[in-house]
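One structure is given here, and the rest of the page talks about it.
Residue numbers (my numbering), protein chains in the order written: chain A, 44 to 726; chain B, 145 to 249.
Here it is in structure tokens:
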């Protein structure tokens, strides 16, 4: 007989759904209820005070009532909502935990009961086995056979007939008891299996409850401020205090983080107002140099006092912009009431991304996430995030999404795609013995992506390109100034391809490669020849521009044709459409273990849509494990030899570059990096 | 003019008294910030704890803001009153938001 487990604890393995008690959650809910009551009364007193002050006139009272109105009242409202929403979240969690724990404990008792049954039946089986002379070694999970095994008792001098009769008698005597015990054993064993499955399900439910709680807390104003602050307790305390009340330990924070003017900005951008930096900053190299020359104290003031400007100013180190943008996040969090529903959603998703545990797709520790750019004040929220330290990365990859990918609807997806892109790149580098090289993957959600109507026009791509070009050149200028080496790959999907291509017409620093996935066609009004894009050349003198179109993608060729844009995959041009030649083409139909892309999506979900409007789950262009994603990954880090399948060029051959200016811009070879020689035309 | 001044003193006092009472509500008979580390499968204990501490800090910072505003309003007043005494008694001149502890040497 195999050893029967002593208790349910030995049987119910894996994650336990029982952790702590609901009392912790109750305690939190009670605390938040108390805060909610207090802050409601506080707001009454505050309003009464503001009302009294506003009956008077004078600089002093105006200042006091202004601070109370603009900071304390807004902060109190944020705290009130946080307490209400947080309390509700903990109460839901408490209910869930009590339900899960209750069921889990009952389940443990049931398993213990079944184990008792098995022990009892095991004893009965053992006794019968001894009586009938059979060896009874049964696995406790499988139990004995339903029928009594043939009795082995035979008498030495007893005759065969007599033995047969004895066997018959033993069967008559013990057969029913044996079968009954065996049946009970089987029932108990099956019961345990069923309960073990239920145990796993309860653990999943517990995980879901925890996730829901964490998400709810991170969606509150205080939750968002805390996550944006990151770091240690002091940083969190400072962020919360300044965002909620505008002061800490007697120090006032009179700044308005959305302010776009500051006297000190003159020393950085040559003017006090930074309102125009989104599309028209000063020369990026000048910005980089001036920032580096500023005393630390002044840098800190600018980060603290005009974070919108610093957070979005191309040319500054990304670590600096990240700090400013996190301060901006704290401000947005404290002013939920002033954000559009889209911006609120973007802030919520950005917070959730920043709060993620730092574990990557392969279980390895993930690089920190940086908020490269952030603007939640406009009609369309803008956010650019980097997985990995973009300042330190030797290989930076910019992902440019297409239609319907504004920050509020696409941030989570594209942050996820950035993570798996980094994971694939890491695998490729490790296979080359270069696992130590630093990587960063950026999700560029910094433009107003088109909708189903505007996708046919060029405006969104042209507008987005201006900003993308600034971001690419800004990062390059910052690296050039610091002396750090960084190679840049751009990967664009669908309508992101005309956006990125237009940007590469505007940039002044070369990127190493440009990869187009399911291109919706390039803007012929901007890009006449791929040679015009500022992309490094390979040893044959051809720009390192790559493209793929899945056979199952019925949307991109259609979109390119309908809009009159030039398709970089000449074989995918529909009747009446035009092609733009010169890109290296690769397959995304799957090869070996690498899956095919079967629809237009960057990230597939569910089943494939009609005509490939949607790729099925795991089979989007940028889903991990697809041929398309792998090839994009290796091309972006300069490993074309690791492309799965072949790289080929569709005829006709691309024309020669047409102007000396173009020649000057594109005179870059593989490995030239960001050396001065590679930057002709840069002043 | 005198009547106006008297009215303003009354309004100032009302404003200050409202702030003091608002601040008091936030510090008296409080449920303290829970200090547990919530056991969990997905290790959300840190996030929960930071959130609750953040709420505690937010509450305390509003107290500090109200006290500071009340003191600023007192400086505008020509008359002295007993509110400063109340403030001193209730808040002992310290800040409600905890100050960082110095590392032990």
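Positions of the beta carbon are idealized from the N, C-alpha and C atoms, including for glycine.
Could one say the Cβ of residue i lies closer than 8 Å to chain A's Cβ atoms, at least one of them?
| i | result |
| --- | --- |
| residue 152 (chain B) | yes |
| residue 216 (chain B) | yes |
| residue 211 (chain B) | no |
Rounded to whole angstroms, what is the Cα-Cα separation between residue i and residue j?
| i | j | result |
| --- | --- | --- |
| residue 337 (chain A) | residue 312 (chain A) | 12 Å |
| residue 509 (chain A) | residue 326 (chain A) | 14 Å |
| residue 586 (chain A) | residue 484 (chain A) | 22 Å |
| residue 137 (chain A) | residue 60 (chain A) | 13 Å |
| residue 154 (chain A) | residue 57 (chain A) | 15 Å |
| residue 211 (chain A) | residue 219 (chain A) | 13 Å |
| residue 717 (chain A) | residue 457 (chain A) | Note that residue 717 (chain A) has pLDDT 31, beneath the 50 cutoff, so the model's placement of it is unreliable and no number is given. |
| residue 48 (chain A) | residue 200 (chain B) | 47 Å |
| residue 55 (chain A) | residue 239 (chain A) | 6 Å |
| residue 86 (chain A) | residue 111 (chain A) | 10 Å |
| residue 315 (chain A) | residue 80 (chain A) | 44 Å |
| residue 186 (chain B) | residue 212 (chain B) | 41 Å |
| residue 351 (chain A) | residue 301 (chain A) | 6 Å |
| residue 181 (chain A) | residue 170 (chain A) | 14 Å |
| residue 322 (chain A) | residue 99 (chain A) | 44 Å |
| residue 293 (chain A) | residue 240 (chain B) | 11 Å |
Just verifying my parser: in three-state terms, what is the DSSP assignment at residue i?
| i | result |
| --- | --- |
| residue 487 (chain A) | strand |
| residue 667 (chain A) | coil |
| residue 441 (chain A) | strand |
| residue 425 (chain A) | strand |
| residue 590 (chain A) | strand |
| residue 533 (chain A) | strand |
| residue 621 (chain A) | strand |
| residue 242 (chain B) | coil |
| residue 644 (chain A) | coil |
| residue 578 (chain A) | strand |
| residue 464 (chain A) | helix |
| residue 447 (chain A) | coil |
| residue 359 (chain A) | coil |
| residue 430 (chain A) | strand |
| residue 609 (chain A) | strand |
| residue 692 (chain A) | strand |
| residue 585 (chain A) | coil |
| residue 627 (chain A) | strand |
| residue 258 (chain A) | helix |
| residue 221 (chain B) | coil |
| residue 282 (chain A) | helix |
Within its chain, find whatever has a CB closer than 6 Å to the CB of residue i; leave out the 5 residues flanking it on each side and keep chain order.
| i | result |
| --- | --- |
| residue 266 (chain A) | 260 |
| residue 543 (chain A) | 443, 533 and 535 |
Would you say residue i faces chain B, with C-beta separation under 8 Å as the test?
| i | result |
| --- | --- |
| residue 144 (chain A) | no |
| residue 292 (chain A) | yes |
| residue 296 (chain A) | no |
| residue 372 (chain A) | no |
| residue 249 (chain A) | yes |
| residue 89 (chain A) | yes |
| residue 141 (chain A) | no |
| residue 459 (chain A) | no |
| residue 280 (chain A) | yes |
| residue 113 (chain A) | no |
| residue 118 (chain A) | yes |
| residue 62 (chain A) | yes |
| residue 81 (chain A) | yes |
Would you kindly report the start and end of the unbroken alpha helix (DSSP H) that includes residue i?
| i | result |
| --- | --- |
| residue 393 (chain A) | 384–398 |
| residue 175 (chain A) | 116–175 |
| residue 174 (chain B) | It is not in any alpha helix (DSSP H) - residue 174 (chain B) carries neither H nor E in the DSSP assignment. |
| residue 292 (chain A) | No alpha helix (DSSP H) contains residue 292 (chain A), which DSSP labels as neither H nor E. |
| residue 184 (chain B) | No alpha helix (DSSP H) holds residue 184 (chain B); DSSP gives it neither H nor E. |
| residue 106 (chain A) | 102–110 |
| residue 346 (chain A) | 339–348 |
| residue 548 (chain A) | 539–549 |
Under a CB-based cut-off of 8 Å, is residue i close to chain D?
| i | result |
| --- | --- |
| residue 77 (chain A) | Here the protein chains are A and B, and chain D is not one of them. |
Can you tell me where the beta strand (DSSP E) with residue i in it begins and where it stops?
| i | result |
| --- | --- |
| residue 412 (chain A) | 412–418 |
| residue 559 (chain A) | 556–560 |
Please work out which residues of its chain come closer than 7 Å, Cβ to Cβ, to residue i, disregarding the five sequence neighbours upstream and downstream, and give them in chain order.
| i | result |
| --- | --- |
| residue 161 (chain A) | 47, 183, 228, 231 and 232 |
| residue 178 (chain B) | 196 |
| residue 436 (chain A) | 481, 482, 483 and 529 |
Only counting the same chain, and skipping five residues up and downstream in sequence, which positions put a Cβ closer than 8 Å to that of residue i?
| i | result |
| --- | --- |
| residue 699 (chain A) | Note that residue 699 (chain A) scores a pLDDT of 48, beneath 50, so its modelled location is shaky; the value from the coordinates is reported in the next line. Once the five neighbours on either side are set aside, the close Cβ partners of residue 699 (chain A) are 574. |
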